[in-house]
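A.B. asks: One structure, pasted below without further comment.
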DNA sequence: GCTATGCTAGCACACTCGTGCTAATATGGA
DNA sequence: TCCATATTAGCACGAGTGTGCTAGCATAGC
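Protein chains in written order, with full-length UniProt numbering: chain A, 1 to 194; chain B, 1 to 194.
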């Protein structure tokens, strides 16, 4: 047998090259050639791992979500329910460079949906997961008596979900909101549910 | 003098062709050739009106915002303050096909920002206007005593703004929320400020 | 050492892109 | 009527696209 590469690691390296290209030049500038060059490979080698551009983009988008999910699961160990809730929600705000780039990539790839329908599917999956995540967070807080148990959990999850994504988008795009004000807004919002 | 066209009308017709292409094939598929064909023109004629693709996209984005702004201003005549507030906010939710397509176009063009920096500028301008709009709406309601006058207007405007854009995005992308549930959520949110 | 094979490099093809440019057309004013 | 010119049509160019394909390389197992 000839040389064997670590396929998973290679895929992740290429996906990270995709992220860099998206951040630097925008998703419209992502080409197989550029991504290969960014990853230090030839297009032939890249295509040995990702047969098509759609596969490449789909994997890149899924990897973002996997990384976020891993960090969220790490926060499940936080003891204090209130701190735990805020720590999890913070993973969906662009509070540092890593989270910011993850969100830029995610938004850019969602916008590319019409050209690669699989991306829409992946984005939708993430959207549904975040919604049920919001529901669970609120249910947990209600169980601990930290928010009013009378409120409509589904409606409040929808509101929290819209608030998170809207705030994240405004921080990404604009100059009016900062990561800190968004973070404070989310915390204040939860407090109003008490 | 030879034949004179109505430049404004021609520009609007072309911009509407851009919208249709974006809706049908995504913003990545927008090419000068396709837009010209969609508008029933040759590329030469189109370039007589829009010298570059950037100009074409910028005008198309601005026209969306102008149309929305015109409808918002029409709602200023609504007598009842509460009804007026809801009517204005409804213009930023994809409640019908027209508003839905306007928002799809707006979101798609924002995502194209890195390739055409002017689009980012235009999107930012709209974002700032909507923010001050939210502030004014809340100030108006507070003046009428319809919401608590104790609340921090700027913070509440930020929250309302995030809520609107987040809800709109979720309706556009997903299958979990409908235009109606988003509309109800916004109204319920305002009621909690009372 | 030899060979089978996973891997790499990169050319080729058919296409599309934005834009510069020219020639033809048609019409309002003199 | 005739001309100046706004408008139209569309070709041409160079660049860039995704993907198919082949030839070579380097190495693990025998």
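Positions of the beta carbon are idealized from the N, C-alpha and C atoms, including for glycine.
#1: Please list, in chain order, the chain A residues whose beta carbon lies closer than 9 Å to that of residue 111 of chain B.
#2: For residue 163 of chain A versus residue 189 of chain A, is the C-beta spacing smaller than 9 Å?
#3: My understanding is that residue 182 of chain B touches residue 168 of chain B, with C-beta atoms under 8 Å, so please give their C-beta distance in whole angstroms.
#4: Which residues in chain B sit within 7 Å of residue 115 of chain A, going by Cβ to Cβ distance?
#5: For residue 119 of chain A versus residue 51 of chain A, is the C-beta spacing smaller than 9 Å?
#6: Check whether the Cβ of residue 131 of chain A lies closer than 9 Å to any Cβ atom in chain B.
#7: Straight-line CA distance for residue 148 of chain B to residue 138 of chain B?
#8: Does the beta carbon of residue 75 of chain A come closer than 9 Å to any beta carbon on chain B?
#9: Just how far apart, CA to CA, sit residue 27 of chain B and residue 113 of chain B?
#10: Can you name the residues of chain B whose CB is closer than 8 Å to the CB of residue 127 of chain A?
#11: Excluding the 5 residues preceding and the 5 following residue 178 of chain A in the sequence, name in chain order all residues of the same chain whose CB lies nearer than 8 Å to its CB.
#12: Residues of the stretch 146-169 of chain B in Cβ contact with chain A at a cutoff of 8 Å, in chain order, please.
#13: In chain B, which residues lie with their C-beta within 8 Å of the C-beta of residue 124 of chain A?
#14: Going by DSSP in three states, residue 75 of chain B sits in which element: helix, strand or coil?
#15: Using the beta-carbon of each residue, which ones in chain B are nearer than 9 Å to residue 90 of chain A?
#16: What residues from chain B crowd round residue 189 of chain A, counting only those whose CB sits closer than 7 Å?
#17: Tell me which same chain residues have a C-beta within less than 8 Å of the C-beta of residue 142 of chain B, skipping the five on either side of it?
#18: Only counting runs of 4 or more residues, tell me where the alpha helix (DSSP H) segments fall wholly within the stretch 100-160 of chain A, in order along the chain.
#19: Should residue 87 of chain B and residue 22 of chain B be called a contact, given that it needs their Cβ atoms to be closer than 9 Å?
#20: Report the three-state DSSP secondary structure of residue 166 of chain A (helix, strand or coil).
#21: Does residue 111 of chain B pass the burial test, meaning 16 or more other C-beta atoms within 10 Å, or should it be called exposed?
#22: Check whether the stretch 59-67 of chain B touches the stretch 9-25 of chain B, taking contact to mean three or more Cβ pairs, one atom from each stretch, closer than 8 Å.
#23: Below 8 Å, how does it come out for the stretch 70-87 of chain B and the stretch 30-39 of chain B: are there three or more Cβ pairs, yes or no?
#24: Do residue 124 of chain A and residue 173 of chain B have their beta-carbon atoms positioned less than 9 Å apart in this structure?
#25: What residue from A/91, A/54, A/8 has the CA that sits closest to residue 70 of chain A's CA?
#26: Determine whether the Cβ of residue 181 of chain A lies closer than 9 Å to any Cβ atom of chain B.
#27: Please say whether residue 96 of chain A and residue 130 of chain A have beta carbons closer to each other than 9 Å?
#28: Of the residues B/146, B/121, B/117, which one's Cα is nearest the Cα of residue 24 of chain A?
#29: When DSSP labels each residue in this structure, what does residue 25 of chain A get in the three-state scheme?
#30: Residues in the same chain with beta-carbon distance under 6 Å from residue 105 of chain A, minus the five sequence neighbours each way, listed in chain order, please.
#31: Considering only residues of the same chain and omitting the five flanking positions on each side of residue 46 of chain A, which have a CB-CB separation below 8 Å?
#32: Out of B/176, B/102, B/155, B/140, which has the shortest C-alpha to C-alpha gap to residue 127 of chain A?
#33: Measuring only the C-alpha atoms, how far is residue 271 of chain A from residue 12 of chain B?
#34: So which of B/102, B/44, B/60 has the shortest CA-CA distance to residue 9 of chain B?
#35: Are residue 140 of chain A and residue 72 of chain A closer than 9 Å when you measure CB to CB?
#36: Run through DSSP, which three-state label would residue 37 of chain A get?
C.D. replies: Reading from the atomic positions:
#1: As a first step, residue 111 of chain B is located in the second chain; it is residue number 111 there, counting from the start. Simply 26, 27, 28, 107, 108, 110, 111, 112.
#2: Here the question's residue 163 of chain A lines up with position 163 in the first chain. Here the question's residue 189 of chain A lines up with position 189 in the first chain. Yes; because the gap between Cβ atoms is below 9 Å, this pair is in contact.
#3: By one-based count along the second chain, residue 182 of chain B stands at place 182. By one-based count along the second chain, residue 168 of chain B stands at place 168. Sure, about 7 Å apart at Cβ, within 8 Å.
#4: If you number the first chain from 1, residue 115 of chain A lands on position 115. The contacting residues are 26, 28, 29.
#5: Here residue 119 of chain A is taken as the residue at index 119 of the first chain, counted from 1. Here residue 51 of chain A is taken as the residue at index 51 of the first chain, counted from 1. Not closer than 9 Å, so no.
#6: On the first chain, position 131 is the one that residue 131 of chain A refers to. With 9 Å as the cut-off, residue 131 of chain A counts as an interface residue toward chain B.
#7: As a first step, residue 148 of chain B must be located in the second chain, where it is residue number 148. As a first step, residue 138 of chain B must be located in the second chain, where it is residue number 138. Near 10 Å, if we compare the C-alpha coordinates of residue 138 of chain B and residue 148 of chain B.
#8: As a position in the first chain, residue 75 of chain A is number 75, starting the count at 1. It does not: the Cβ of residue 75 of chain A has no partner Cβ on chain B nearer than 9 Å.
#9: Here the question's residue 27 of chain B lines up with position 27 in the second chain. Here the question's residue 113 of chain B lines up with position 113 in the second chain. So the two alpha carbons sit approximately 11 Å from each other.
#10: Counting from one through the first chain, the residue named residue 127 of chain A turns up at place 127. Simply 170, 173, 174, 176.
#11: Residue mapping note: residue 178 of chain A aligns to position 178 of the first chain, counting from 1. Correct list, in chain order: 171.
#12: Listed in chain order, the positions of the stretch 146-169 of chain B with a beta carbon within less than 8 Å of a beta carbon of chain A are 155, 158, 159, 161, 162, 163, 164, 165, 166, 167, 169.
#13: Looking up residue 124 of chain A in the first chain gives position 124. For residue 124 of chain A, the residues of chain B that pass the 8 Å Cβ criterion are 173, 174, 175, in the order they occur in the chain.
#14: Residue numbering aside, residue 75 of chain B sits at position 75 when the second chain is read from its first letter. Residue 75 of chain B falls in the helix class under three-state DSSP.
#15: Position 90 of the first chain, counted from the start, is the residue given in the question as residue 90 of chain A. Those within 9 Å of residue 90 of chain A in chain B number zero; the least Cβ separation is about 15 Å.
#16: Stepping through the first chain from its first residue, residue 189 of chain A is reached at position 189. Within 7 Å Cβ-Cβ: 159.
#17: Your numbering for residue 142 of chain B matches position 142 in the second chain. Excluding residues within five positions, the ones whose Cβ falls inside 8 Å are 148, 149, 151, 153.
#18: 117-143
#19: Numbered from 1 along the second chain, position 87 holds the residue referred to as residue 87 of chain B. Numbered from 1 along the second chain, position 22 holds the residue referred to as residue 22 of chain B. No, Cβ-Cβ distance for residue 87 of chain B and residue 22 of chain B is not below 9 Å.
#20: The count along the first chain starts at 1 and reaches residue 166 of chain A at position 166. Three-state result, residue 166 of chain A: helix.
#21: Numbered from 1 along the second chain, position 111 holds the residue referred to as residue 111 of chain B. Answer is buried; the Cβ neighbour count reaches 16.
#22: yes
#23: no
#24: Residue numbering aside, residue 173 of chain B sits at position 173 when the second chain is read from its first letter. Residue numbering aside, residue 124 of chain A sits at position 124 when the first chain is read from its first letter. Yes. Within cutoff.
#25: For the purposes of this step, residue 70 of chain A is taken as the residue at position 70 of the first chain. Nearest of A/91, A/54, A/8 to residue 70 of chain A, Cα basis: A/91.
#26: By one-based count along the first chain, residue 181 of chain A stands at place 181. So yes, residue 181 of chain A belongs to the interface.
#27: Start at 1 with the first residue of the first chain, and residue 130 of chain A comes out as number 130. Start at 1 with the first residue of the first chain, and residue 96 of chain A comes out as number 96. No. Outside cutoff.
#28: Taking the first chain and counting its residues from 1, the one referred to as residue 24 of chain A is at position 24. The shortest C-alpha separation from residue 24 of chain A is found at B/117.
#29: Here residue 25 of chain A corresponds to residue number 25 of the first chain, with the count starting at 1. Reduced to three states, the DSSP call for residue 25 of chain A is helix.
#30: Taking the first residue of the first chain as position 1, residue 105 of chain A is located at position 105. Around residue 105 of chain A: 19, 22, 64.
#31: Position 46 of the first chain, counted from the start, is the residue given in the question as residue 46 of chain A. Only 14, 32, 35, 36, 39, 56 meet the Cβ criterion.
#32: Stepping through the first chain from its first residue, residue 127 of chain A is reached at position 127. It is B/176.
#33: There is no way to answer for residue 271 of chain A, as the model of chain A reaches only from 1 to 194.
#34: Residue mapping note: residue 9 of chain B aligns to position 9 of the second chain, counting from 1. If we check each option's Cα against that of residue 9 of chain B, B/60 comes out closest.
#35: Sequence index remark: in the first chain, residue 140 of chain A carries index 140 (1-based). Sequence index remark: in the first chain, residue 72 of chain A carries index 72 (1-based). With contacts defined as CB atoms closer than 9 Å, residue 140 of chain A and residue 72 of chain A fail to qualify as a contacting pair.
#36: Start at 1 with the first residue of the first chain, and residue 37 of chain A comes out as number 37. In the three-state reduction of the DSSP assignment, residue 37 of chain A falls in the helix class.
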